[in-house]
Amino acid sequence: MSYYRIVEIKNGKPLSLFHGTNGSREIPTDTWVKCDKKRVHDGSNDFYYESGFHAIEGFENAMHFFDTMFRIRENRYIVPCELRGNIRPKHDKPMKRACVLADEIFIASEDIKRILDNPLPSKSVMRRLDLMKKGEKE
Numbered sequence: 001m002s003y004y005r006i007v008e009i010k011n012g013k014p015l016s017l018f019h020g021t022n023g024s025r026e027i028p029t030d031t032w033v034k035c036d037k038k039r040v041h042d043g044s045n046d047f048y049y050e051s052g053f054h055a056i057e058g059f060e061n062a063m064h065f066f067d068t069m070f071r072i073r074e075n076r077y078i079v080p081c082e083l084r085g086n087i088r089p090k091h092d093k094p095m096k097r098a099c100v101l102a103d104e105i106f107i108a109s110e111d112i113k114r115i116l117d118n119p120l121p122s123k124s125v126m127r128r129l130d131l132m133k134k135g136e137k138e
């Protein structure tokens with residue numbers, strides 16, 4: 001399964017959009033990062049859940065989330081990531097089932113650099129990254 005995360009990138013570093021880990025929104029690259037486990041509240045309603053790193057299953061789902069769920073798009077990117085630990089769905093709503101939570105996340109700095117260096121639109125960049133990870137050609 002391919003997972004993606006929507007992040008803000010500032011000064012070449014990925015940042016979580018809302019909650020941070022260990023007191024910082026910056027997500028270290030090239031290392032496995034563990035989430036701060038706690039009971040948290042979804043800001044859009046009274047839904048409580050155990051915290052974890054949010055990610056989205058599949059590139060097409062990530063594009064759908066990016067296009068429909070986010071008004072602010074400046075400095076925001078879809079980046080590939082790896083997950084491990086307890087990977088679980090955040091929602092039981094059909095449209096949102098692709099959003100998962102995980103105990104640990106890994107984001108490669110080379111993916112961040114490739115995204116920032118590539119002048120192509122985000123969807124094209126991510127499609128190429130997805131194919132490269134799978135060892136396929138365009």
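For the sequence shown, our numbering begins at 1 and goes up steadily by one. Where is the CB? At the ideal position from N, CA and C, for every residue including glycine. It should be emphasised that the depicted structure is a prediction, and the values quoted were computed from it without experimental measurement.
A straight line joining the alpha-carbon of Trp32 with that of Tyr49 spans about 22 Å. With a threshold of 16 other beta carbon atoms within 10 Å, Ile107 meets it and is buried. Annotation for Lys113: the continuous alpha helix (DSSP H) segment containing it runs 109 to 117. Out of Ala62, Ile6, Glu74, His54, the CA that lies nearest to the CA of Leu83 is found in His54. Pairing Ile78 with Ile9 gives a Cβ-Cβ distance that is not under 7 Å.
When the beta-carbon positions are compared, Asp117 and Cys35 stay at least 7 Å from each other.
Secondary structure at Thr21: strand, using DSSP grouped into helix, strand and coil.
With 16 or more neighbouring CB atoms inside 10 Å of its own CB, Gly52 falls in the buried class.
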